[in-house]
Amino acid sequence: MNARLALLSGVGPGATESEIFRLALQHVVGELGGLGGMIHLRGPMSALRLVSAVGLPSVVTLPWEIIDQEGQLAPARALYVGSGVWSPAGTETPMTTKGPVQGSGLAAVPLTGRDRSIGALSVVMSDGGAPTPQQWDFLRAVSAWTEERMAQAPPAAGPAHTELSGERLRHALHEVSVGSWEWDIRTGRLAWDEAALEVFGTRAADFVGKIENWMKNIHPDDLAPTLSTAERAIRDHTVYEAEYRVRRLDGTYGWVRVRGRATYDEHGEPVRLVGVGWENDESRSARDALSRALRHMSDGFLAFDDEWRIIFANREAERVLGSPEDELLGRVPWALPATRRIPGMESRLRSAVDMDEPASFDVRMPEGRRYHLRLVPGPGGRTLYITDVTQKRRLQEERQAAERVASERAAQVAKLTAALAKATT
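So this is what it looks like as structure tokens:
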């Protein structure tokens, strides 16, 4: 055992999580004389996702891809009780009933990160029965090593930093597909629009409306940090923003970026997490240009889901509406303090969507400034552009007033001229 732990201790801090999982499983399976091993990571709600397996064919691991976090399977019980769990063959594990492998049972120990359990490491034992006390000690030692190295693993590198010409950059920005998503934290229901299905690499026929749809497609190296980011954003009432890889329909991995925010009930308990996601495979310069265009464009920009909840607001929209993005996300546009006194706001927006065509109109904000609103409806939501036209409308009104005065003056001069001509005659 000491020789194996010595080998593992020589692994540098630059190892990826995939490599860490593979090495841990190879050594515990070898030391315990097992048939194979698995590592599951804890997801939101009641799901554990299989992120690594050694020595087990897919026909065996398939039932273990997503398992109930609160169920009776050994990895879930190890995570729940926080200690090693032995599950004899034929008791409650699908591994003994599906596939050609028949071991004596499953031994599982929890993986812990900081203040909570984040997953479990499991070994399919051969005919030798349960692990010996020394083998349990080795399992726990490898689990501790895995936890330590996971914390040191470098973040996954994003797409390459390549430069685009102006024409290619404009094309990249034009082609970005933004999908809307919503996760009901209480029920686990997951809703994606058509664009989100494409972004997250899922066919409509395969989408079952559960968080497992998302967990199955995310890259194993990106799952743990992404889950941690989401849970931290929900706990701290902050914006959820992450970049990670998802498996495409062709089996390759591509980068996506997501942004959203949780909503809460009157007791402060999280209700849902809503947001947007878009493909992020273009060059860094293209992605940065898109981000700057959305966040720092001179016009206000709001994006809504199908129920009119705000899922994105840029800086200018925050300024116009007098609220930071944290306070805008999840709310409907006509119920904001800055828009409640605007007559017909809700009916105008809804009628534009009912007609399924862009609509534009002016509104006067409480502080006296005038804004031009342009709503663009779409199949996966809608966007609203807000332009300050106070100066433009003032100049238009002054020009119209001057033209009206000039016209009246010309008419008066013509009338006086005609009267003078008549008097002279």
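Position 320 (the sequence shown) corresponds to 320 in our numbering; numbering is contiguous. All residues carry an ideal CB built from backbone N, CA and C; glycine is no exception. Everything numeric in this text was worked out from a predicted model, so none of it was measured.
Tell me which residues share the same chain as residue i and place their Cβ nearer than 6 Å to its Cβ, disregarding the 5 neighbours each side in the sequence.
{"i": "residue 412", "result": "none"}
{"i": "residue 39", "result": "21, 51, 52, 121"}
{"i": "residue 270", "result": "185, 234, 262, 264"}
{"i": "residue 312", "result": "276, 303"}
{"i": "residue 130", "result": "86"}
Just the Cα atoms here: how many angstroms apart are residue i and residue j?
{"i": "residue 239", "j": "residue 262", "result": "8 Å"}
{"i": "residue 145", "j": "residue 8", "result": "8 Å"}
{"i": "residue 12", "j": "residue 41", "result": "22 Å"}
{"i": "residue 209", "j": "residue 192", "result": "8 Å"}
{"i": "residue 430", "j": "residue 153", "result": "Residue numbering for the chain in the displayed model covers 1 to 425; residue 430 lies beyond these limits and cannot be assessed."}
{"i": "residue 108", "j": "residue 20", "result": "17 Å"}
{"i": "residue 86", "j": "residue 241", "result": "39 Å"}
{"i": "residue 278", "j": "residue 60", "result": "34 Å"}
{"i": "residue 297", "j": "residue 54", "result": "50 Å"}
{"i": "residue 256", "j": "residue 199", "result": "7 Å"}
{"i": "residue 140", "j": "residue 237", "result": "35 Å"}
{"i": "residue 366", "j": "residue 357", "result": "28 Å"}
{"i": "residue 232", "j": "residue 216", "result": "21 Å"}
{"i": "residue 135", "j": "residue 4", "result": "12 Å"}
{"i": "residue 205", "j": "residue 151", "result": "37 Å"}
{"i": "residue 10", "j": "residue 251", "result": "33 Å"}
What would DSSP say about residue i, mapped onto helix, strand or coil?
{"i": "residue 353", "result": "helix"}
{"i": "residue 125", "result": "strand"}
{"i": "residue 75", "result": "helix"}
{"i": "residue 345", "result": "helix"}
{"i": "residue 137", "result": "helix"}
{"i": "residue 443", "result": "Because residue 443 is not part of the residues shown, which for the chain are 1 to 425, the question remains open."}
{"i": "residue 298", "result": "coil"}
{"i": "residue 278", "result": "strand"}
{"i": "residue 36", "result": "strand"}
{"i": "residue 15", "result": "coil"}
Given residue i, which residues of its chain have a CB within under 8 Å of its CB, disregarding the five upstream and five downstream residues?
{"i": "residue 353", "result": "375, 377, 382"}
{"i": "residue 127", "result": "103, 104"}
{"i": "residue 203", "result": "197, 249"}
Near residue i, what residues of its chain come up, given a Cβ to Cβ distance below 7 Å and the 5 sequence neighbours on each side ignored?
{"i": "residue 254", "result": "245, 246, 248, 279, 281"}
{"i": "residue 369", "result": "388, 390"}
{"i": "residue 325", "result": "239, 313, 318"}
{"i": "residue 118", "result": "41, 42, 111, 112, 224"}
{"i": "residue 361", "result": "348, 373"}
{"i": "residue 178", "result": "195, 276, 278"}
Report the CB separation of residue i from residue j in whole angstroms; it is logged as a contact under 8 Å.
{"i": "residue 273", "j": "residue 384", "result": "Residue 273 to residue 384, Cβ: 22 Å. No contact."}
{"i": "residue 124", "j": "residue 34", "result": "5 Å"}
{"i": "residue 66", "j": "residue 77", "result": "That belief does not hold up - the Cβ atoms of residue 66 and residue 77 are roughly 16 Å apart, past 8 Å."}
inquiry  = Give the list of continuous beta strand (DSSP E) stretches no shorter than 3 residues that lie fully inside the segment 181 to 236.
reply    = For the segment 181 to 236, whole beta strand (DSSP E) runs of length 3 or above, ordered along the chain, are 190 to 192.
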